[in-house]
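K.L.:
Chains G and X are the protein sequences, given in the same order. One rule links them: number in our numbering = place in the first sequence (from 1) + 1. One rule links them: number in our numbering = place in the second sequence (from 1) + 1. Backbone N, C-alpha and C fix where the C-beta goes; we use that ideal spot for every residue, glycine too. Computed from a predicted structure; not experimentally measured.
2 protein chains.
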Amino acid sequence: MSKAPAMSPSKSVSPKMASKTAQKIAHKATAPKAEPKPAGPKLADFLCFAIYSANLAYGRAYKPILDPLGLTYTQYIALVALWEENDQTVSQLGERMFLESNTLTPILKKLESLGYLRRRRDSDDERVVRVSLTEEGRRLRERASQRNLVKASGFPMEDFVKLQKQVTKLRDNLLDAVKEGEKG
Amino acid sequence: MSKAPAMSPSKSVSPKMASKTAQKIAHKATAPKAEPKPAGPKLADFLCFAIYSANLAYGRAYKPILDPLGLTYTQYIALVALWEENDQTVSQLGERMFLESNTLTPILKKLESLGYLRRRRDSDDERVVRVSLTEEGRRLRERASQRNLVKASGFPMEDFVKLQKQVTKLRDNLLDAVKEGEKG
DNA sequence: GTTAATTAAATCGCATACGATTTAATCGTG
DNA sequence: CACGATTAAATCGTATGCGATTTAATTAAC
Chain G
2 MSKAPAMSPS KSVSPKMASK TAQKIAHKAT APKAEPKPAG PKLADFLCFA IYSANLAYGR
62 AYKPILDPLG LTYTQYIALV ALWEENDQTV SQLGERMFLE SNTLTPILKK LESLGYLRRR
122 RDSDDERVVR VSLTEEGRRL RERASQRNLV KASGFPMEDF VKLQKQVTKL RDNLLDAVKE
182 GEKG
Chain X
2 MSKAPAMSPS KSVSPKMASK TAQKIAHKAT APKAEPKPAG PKLADFLCFA IYSANLAYGR
62 AYKPILDPLG LTYTQYIALV ALWEENDQTV SQLGERMFLE SNTLTPILKK LESLGYLRRR
122 RDSDDERVVR VSLTEEGRRL RERASQRNLV KASGFPMEDF VKLQKQVTKL RDNLLDAVKE
182 GEKG
């Protein structure tokens, strides 16, 4: 009784032929022209993909550091932003992190439930929620060193800083282009 | 009847004082020491954050290009990988994209449902699912030009290429470090 | 040649991102 | 003052990422 591993809706017809070579030939037969290989830009040449995959890599590199603290990568970034400047509104934090309340709110709620910060309505303007670190949240700062990851980047400090500036510039250029596109 | 905008579990006590200035002073009073500002690394100095936010920026920059095609950023990257080399297994595609089947499967199913690719069990080894472009999927290639985004990066071609290589190197270094950490 | 170990995808649960909408508070104008 | 416009968060639905597990097929060991 041979049952193919789940592949829900699309029915995978598999006639099961005699020899393996025969099957391989049969498969080629459906695309005979030796697949001309489109000769276009490769994934590896895309800057967007370099950034995309480097971001995945950072998430994985930070995991062994953050897991013991019970933090995710994004939660950590939110804390870095608060270490830099405590007692920010959700909007201010969002501006720094390039996120909006729809993404931030659940993250901040989580960090609050972990005891690292407090969320309080500004009595001045009840629409505003102010976010401030707890003692516990401040203490995390020492426990989460990223020095090891500067090393893991494999770049000497000078190049590291240069790269950081260039990628930041790239980000700002892209976001400017987005803004421009929204107007024009 | 003044009811503060939803802030589910955490009860936001807001005594509502008389004058705004009085409240601001009152607020400062809870953190009187002028907030010594920890004097540590700033978010803007983190390479990981530069990459993180540049990735968000790319997602937003691609949106106006991809929305008309009904594609998301990740779906687009999967298609680029297939334009480069058609008829890949899920694992092969995952290696190129730095993703695994748990993430890829739903994306590929979506692209299949859109008619841009086919997923078929390899009759040679029924565990393997081969992914190949449809005519429709191939055609998308011409419609999705990223030239405009090279311009949007704001870098002259030479620097663009250099940056791309550096970020790629960064990614590879980080992933090597992850691997190393898993062993040692 | 059966059975244990391995392998490739898929599934499940949780945590981001983000467009669109909703809610509640504040502002602006008459 | 009153009422529409604006604003700040939150909510909802969809689409990634990813750890952990599951399923089915293949390979390895005996």
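Rank G:Y59, G:A58, G:D46 and G:V81 by C-alpha distance to the C-alpha of X:D46 and give the top, closest one.
P.N.:
Taking the second sequence and counting its residues from 1, one reaches residue 46 of chain X at position 45. The residue with the shortest Cα to Cα distance from X:D46 is G:V81.
K.L.:
In whole angstroms, give me the CA-to-CA distance for X:G116 and G:L171.
P.N.:
Numbered from 1 along the second sequence, position 115 holds the residue referred to as residue 116 of chain X. Numbered from 1 along the first sequence, position 170 holds the residue referred to as residue 171 of chain G. Approximately 34 Å, taken between the alpha carbons.
K.L.:
Quick one: residues in its chain with C-beta nearer than 8 Å to the C-beta of G:R142, no 5 flanking neighbours on either side, listed in chain order?
P.N.:
To locate residue 142 of chain G, count along the first sequence from 1; it is residue 141. Excluding residues within five positions, the ones whose Cβ falls inside 8 Å are L80 and W84.
K.L.:
According to DSSP, is G:S146 part of a helix, a strand, or is it coil?
P.N.:
Position 145 of the first sequence, counted from the first residue, corresponds to residue 146 of chain G. Coil, per DSSP.
K.L.:
Suppose contacts are defined by Cβ-Cβ distances below 9 Å. Is X:S154 in contact with G:L175 by that definition?
P.N.:
If you number the second sequence from 1, residue 154 of chain X lands on position 153. If you number the first sequence from 1, residue 175 of chain G lands on position 174. Contact: yes.
K.L.:
So, is G:M98 buried or exposed, given that buried needs 16 or more other C-beta atoms within 10 angstroms?
P.N.:
In the first sequence, the residue the question calls residue 98 of chain G occupies position 97. Counting Cβ neighbours within 10 Å, G:M98 comes out buried, since at least 16 surround it.
K.L.:
Quick one: is G:Q167 near chain X, going by C-beta distance under 9 Å?
P.N.:
Taking the first residue of the first sequence as 1, we reach residue 167 of chain G at position 166. Yes, because at least one Cβ of chain X sits closer than 9 Å to the Cβ of G:Q167.
K.L.:
Would you identify the three-state DSSP class for G:F156, choosing helix, strand or coil?
P.N.:
By one-based count along the first sequence, residue 156 of chain G stands at place 155. The answer is coil: DSSP assigns G:F156 none of H, G, I, E or B.
K.L.:
Report the residue from G:T75, G:G138, G:T169 and G:E127 whose alpha carbon sits nearest the alpha carbon of G:A107.
P.N.:
Looking up residue 107 of chain G in the first sequence gives position 106. The question names Ala, yet the displayed sequence has Pro at residue 107 of chain G. That would be G:T75, whose Cα lies nearest to the Cα of G:P107.
K.L.:
Is the CB of X:G95 under 9 Å away from at least one CB in chain G?
P.N.:
To locate residue 95 of chain X, count along the second sequence from 1; it is residue 94. Cβ-Cβ to chain G under 9 Å: no for X:G95.
K.L.:
So with Cβ pairs under 9 Å, would you call G:L175 a contact of chain X?
P.N.:
Numbered from its first residue, the first sequence carries residue 175 of chain G at position 174. Yes, because at least one Cβ of chain X sits closer than 9 Å to the Cβ of G:L175.
K.L.:
Mind pulling the beta strand (DSSP E) runs of 3 or more residues that sit fully within the stretch 45 to 114 of chain X?
P.N.:
Fully enclosed beta strand (DSSP E) runs of 3 or longer: not present.
K.L.:
Would you please state the rounded distance, in angstroms, between the beta carbons of G:L57 and G:F50? I believe it to be under 8 Å.
P.N.:
Locating residue 57 of chain G in the first sequence gives position 56, counting from the first residue. Locating residue 50 of chain G in the first sequence gives position 49, counting from the first residue. Not really, about 10 Å apart at Cβ, beyond 8 Å.
K.L.:
Have a look at X:L72, X:Y63, X:P42 and X:T169 and flag the residue whose alpha-carbon is nearest the alpha-carbon of G:G178.
P.N.:
Against the first sequence, residue 178 of chain G aligns to sequence position 177. Checking the sequence shown, residue 178 of chain G turns out to be Ala, not Gly. For G:A178, the closest alpha carbon among the candidates X:L72, X:Y63, X:P42 and X:T169 is that of X:Y63.
K.L.:
Pop quiz: G:S133 and G:L118 are said to be a contact at Cβ under 8 Å. What is the actual Cβ separation, rounded to whole angstroms?
P.N.:
Residue 133 of chain G sits at position 132 when you count from the first residue of the first sequence. Residue 118 of chain G sits at position 117 when you count from the first residue of the first sequence. G:S133 to G:L118, Cβ: 6 Å. Contact.
K.L.:
Buried or exposed: where does G:G95 fall if 16 or more other Cβ atoms within 10 Å of its Cβ makes it buried?
P.N.:
In the first sequence, counting from the first residue as 1, residue 95 of chain G sits at position 94. Buried.
K.L.:
In whole angstroms, what is the alpha-carbon distance linking X:I66 and X:A145?
P.N.:
By one-based count along the second sequence, residue 66 of chain X stands at place 65. By one-based count along the second sequence, residue 145 of chain X stands at place 144. For X:I66 and X:A145, the distance between alpha carbons rounds to 7 Å.
K.L.:
Counting contacts by CB-CB distance shorter than 9 Å, is G:D46 in contact with chain X?
P.N.:
Walking along the first sequence from the start, residue 46 of chain G turns up at place 45. G:D46 counts as touching chain X.
K.L.:
Give me the subset of the stretch 98 to 110 of chain X whose CB atoms are less than 7 Å from a CB atom of chain G, sorted by chain position.
P.N.:
F99
K.L.:
Would you tell me roughly how many angstroms separate the C-alpha atoms of X:V129 and X:T104, rounded to the nearest one?
P.N.:
To locate residue 129 of chain X, count along the second sequence from 1; it is residue 128. To locate residue 104 of chain X, count along the second sequence from 1; it is residue 103. So the two alpha carbons sit approximately 16 Å from each other.
K.L.:
Nearest-angstrom Cα distance between X:T90 and X:D125?
P.N.:
Counting from 1 along the second sequence, the entry for residue 90 of chain X is found at position 89. Counting from 1 along the second sequence, the entry for residue 125 of chain X is found at position 124. Rounded to whole angstroms, X:T90 to X:D125 spans 12 Å at the Cα level.
K.L.:
Is there at least one Cβ from chain G nearer than 9 Å to X:R61's Cβ?
P.N.:
On the second sequence, residue 61 of chain X is found 60 positions in, with the first residue counted as 1. Chain G, which has a Cβ nearer than 9 Å to the Cβ of X:R61, makes this yes.
K.L.:
On the DSSP bridge list, what partners appear for X:S133?
P.N.:
Position 132 of the second sequence holds residue 133 of chain X. X:R119.
K.L.:
In or out: X:G138 buried (at least 16 other Cβ within 10 Å) or exposed?
P.N.:
Here residue 138 of chain X is taken as the residue at index 137 of the second sequence, counted from 1. Its Cβ being crowded by 16 or more others within 10 Å, X:G138 is buried.
K.L.:
Can you confirm whether G:D160, when its beta carbon is compared against all beta carbons of chain X, has any partner nearer than 9 Å?
P.N.:
Here the question's residue 160 of chain G lines up with position 159 in the first sequence. Judged by the 9 Å Cβ criterion, G:D160 is in contact with chain X.
K.L.:
For X:D173, which option in G:F156, G:T169 and G:T135 has the closest C-alpha, if you only look at C-alpha atoms?
P.N.:
Counting from one through the second sequence, the residue named residue 173 of chain X turns up at place 172. For X:D173, the nearest C-alpha among the options comes from G:F156.
K.L.:
In chain order, what residues of the same chain lie with their CB nearer than 7 Å to the CB of G:T73, ignoring the 5 residues before and after it?
P.N.:
Your numbering for residue 73 of chain G matches position 72 in the first sequence. Cβ neighbours of G:T73 beyond the five flanking positions: L67.
K.L.:
Count the other CB atoms within 10 Å of the CB of G:R131; is the residue buried (16 or more) or exposed (fewer)?
P.N.:
Mapped onto the first sequence, residue 131 of chain G falls at position 130. Buried is the call here.
K.L.:
Closer than 9 Å, CB to CB, is X:L1 near chain G or not?
P.N.:
The shown model of chain X, from 2 to 185, leaves out residue 1 of chain X, and the question about it has no answer.
K.L.:
9 Å is my cut-off, CB to CB: does G:L112 come that close to chain X?
P.N.:
In the first sequence, counting from the first residue as 1, residue 112 of chain G sits at position 111. False, the Cβ-Cβ gap to chain X never drops below 9 Å.
K.L.:
May I have the straight-line CA-CA distance separating X:R120 from X:I78, to the nearest angstrom?
P.N.:
Within the second sequence, the letter at position 119 stands for residue 120 of chain X. Within the second sequence, the letter at position 77 stands for residue 78 of chain X. X:R120 and X:I78: Cα-Cα distance of roughly 17 Å.
K.L.:
By a C-beta neighbour count over all protein chains shown, 10 Å radius and 16 as the cutoff for buried, is X:S114 buried or exposed?
P.N.:
In the second sequence, counting from the first residue as 1, residue 114 of chain X sits at position 113. The residue is exposed, with fewer than 16 neighbouring Cβ atoms inside 10 Å.
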